[in-house]
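Residue numbers (the UniProt record's numbering): 1 to 208.
Glycine is no exception: its CB is placed at the ideal position from the N, C-alpha and C atoms.
These numbers were taken from a predicted model, which means no experiment stands behind them.
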């Protein structure tokens, strides 16, 4: 970009130098064609270019007008101002171009930072969701473990409680006749039938 600006500036300088030379040549030629005395025309009656009145040309004495003293400083000022304005315009263009480049770089950096922020936010959201899910899973596992431990404890307590209760209950039921040996009871019933004891008991119950 600086190289392009320098080329433009050199072009401006060359153009201004050629303009300065053309103006100098025009002024010198104008001073050379000026004459002293009236302007001579072919026929003043039929020449439409004739201006009635003063027909004298501008009187320029050689010692009254000096190009180097009167015009050259003015041209130098004009050329200097033109060069200064051109330099200011070139510098302004360079500043604008640099500003656009900086703005583009800043926009690219900002877009990259926004993308990075979005990525970090997305990672944070996923981590939060994963954390909540793991906490819920851990709570569910703990709840199930507590339920299982309570069931195991209740089962163990019931086993310990029944371990002391079952023998006494069986003994009590056996003493009350709820448990008996079928073979032995069948033999006893057959012996009673043979002896007529059961018939006598049935007859006695019928009378009563």
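Rounded to whole angstroms, residue 72 and residue 99 show a C-alpha spacing of 39 Å. One Cα belongs to residue 162, the other to residue 129, and the distance between them is close to 49 Å. Secondary structure of residue 81 (DSSP, three-state): helix. For residue 144, the secondary structure class from DSSP, reduced to helix, strand or coil, is helix. Rounded to whole angstroms, residue 171 and residue 158 show a C-alpha spacing of 20 Å.
Straight-line measurement puts the Cα of residue 97 at about 42 Å from the Cα of residue 69. CA-CA distance, residue 149 to residue 140, rounds to 14 Å.
In the three-state DSSP reduction, residue 150 falls in the helix class (H, G or I). In this structure, DSSP gives residue 176 a state outside helix and strand, which the three-state scheme calls coil. Annotation for residue 120: no residue places its beta carbon closer than 6 Å to its own, counting only its chain and skipping 5 residues before and after.
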